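Colleague: Under the numbering used here, the first residue of the sequence shown is numbered 556, with each subsequent residue one higher.
Just so it is clear, CB atoms sit at the ideal spot from N, CA and C, and this is done for glycine as well.
Nothing here was measured: the structure is a model prediction, and the numbers come from that model.
Handing you this structure, nothing more for now.
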Amino acid sequence: MHFSIRTIPILPWGMLNAFLVTGPGGTILVDTGLPGSERTIDRALQAEGLGWQDIKLIILTHGHIDHAGSAANIRRLSGAQVLYHAAETDYCMGKKPILRPTRLFGRLFRLTGAIERPFPPVTADIAVEGKTFDLETLGLSGTVLHTPGHTTGSVSLMLPSGDVLAGDLAASGILLGGIALRGRPERPPFEEDPRIVAGSLEELLSAGAVRFHLGHGGPLGAKAIANHVRRLKRS
Ligand SMILES: [Zn+2]
Ligand SMILES: [Zn+2]
């Protein structure tokens with residue numbers, strides 16, 4: 556089963572990524588970037604020889620503005636269904652997120668107020684409840700897994716190839732993703748519960764994840780993630 560995963564650079568240097576996943580059954584957009592990311596996503600579609608109407612499903616890994624900010628507009632442009640976890644409804648509908656900074660950068664970033672800005676709320680056509688949701692029910696391939704910790708309703712998309720699109724469950728590189736040290740796992744600037752993150756990452760590893768595609772930085776291999784899990788458990 557062949558999948559192509561195209562990283563959409565919402566911001567340069569891997570600072571913020573969304574993804575186009577094309578496999579049997581069609582194309583899935585995983586995350587939608589900050590508000591105003593429509594043109595960047597359109598360019599990525601064109602580079603794949605696709606248009607808005609080719610998006611069959613929009614998966615939001617979670618409801619932070621840098622992942623869900625353009626979702627309402629892209630749903631309108633594409634007509635695609637939006638899927639997120641029921642536990643993420645409040646954030647996707649505009650409730651201000653709980654921000655627990657993981658380090659100095661997160662504290663400084665919180666001061667800018669950027670991540671608490673309002674964005675167009677987006678309702679779920681498919682609100683996943685429980686642990687897993689098999690995309691086969693939509694004629695697509697892959698499994699959505701509930702992987703809480705970064706936020707309560709964070710999900711990951713697991714493909715049969717062992718690729719997993721894990722949102723902000725981990726990050727890499729200095730600052731917000733990019734620029735340097737992309738191969739070194741890092742906690743994202745905010746994380747609601749690191750212990751729960753560690754448990755979710757372990758579940759993905761034991762489910763066979765080999766490559767982690769991330770919202771900030773990445774991708775990272777299974778070994779780097781296993782090391783990160785050990786660090787998180789000590790934190
Ligand atoms: Zn986030
Ligand atoms: Zn993020």
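Return the chain-ordered list of same chain residues with a C-beta closer than 8 Å to the C-beta of H622, the five sequence neighbours on each side being excluded.
Modeller: These residues qualify, in order along the chain: A573, D586, T587, G588, L615, T616, G722, D723, G770.
Colleague: Just to confirm, are L638 and V699 a CB contact at a threshold of 8 Å?
Modeller: It is a contact, given that the beta carbons lie within the stated cut-off.
Colleague: Tell me H640's beta-bridge partners as DSSP assigns them.
Modeller: For H640, which the question treats as bridged, DSSP gives the partners V683.
Colleague: Using only the alpha-carbon positions, how far apart do P656 and G704 sit?
Modeller: Using only the alpha carbons, I get a separation of about 13 Å.
Colleague: Just the Cα atoms here: how many angstroms apart are V576 and T562?
Modeller: Looking at the two C-alpha atoms, the distance is approximately 9 Å.
Colleague: Could you tell me which residues DSSP puts in a beta bridge with G776?
Modeller: Note: G776 sits in a beta bridge opposite R766.
Colleague: With hydrogens ignored, establish whether the beta-carbon of P743 is closer than 7 Å to any heavy atom of ligand 1.
Modeller: P743: yes, Cβ under 7 Å from ligand 1.
Colleague: For a test of your reading of the model: does the CB of H619 fall under 7 Å from any non-hydrogen atom of ligand 1? Yes or no.
Modeller: Yes.
Colleague: Take P635 as the anchor and find which of L654, D597, K650, I583 has the nearest alpha-carbon.
Modeller: The displayed chain sequence assigns Ala, not Pro, to residue 635. If we check each option's Cα against that of A635, I583 comes out closest.
Colleague: Within the present structure, is the beta-carbon of G770 separated from the nearest heavy atom of ligand 2 by less than 7 Å?
Modeller: Indeed, a heavy atom of ligand 2 lies less than 7 Å from the Cβ.
Colleague: Beta-carbon within less than 7 Å of R564's beta-carbon, same chain only, minus the 5 sequence neighbours each way: which residues are those?
Modeller: Arg is not the amino acid found at residue 564; the sequence shown has Pro there. The residues are N572.
Colleague: In the DSSP assignment, what residue or residues form a beta bridge with T562?
Modeller: DSSP, once it has assigned bridges, lists F574 as partnering T562.
Colleague: Where does F660 fall in DSSP's three states?
Modeller: Note: F660 maps to helix in three-state DSSP.
Colleague: I'd like to check one pair, A764 with G717: are the Cβ atoms closer than 8 Å?
Modeller: Cβ distance < 8 Å, so G717 and A764 count as in contact.
Colleague: Between which two residues does the beta strand (DSSP E) containing V752 stretch?
Modeller: Here V752 belongs to no beta strand (DSSP E); instead the alpha helix (DSSP H) covers 749-761.
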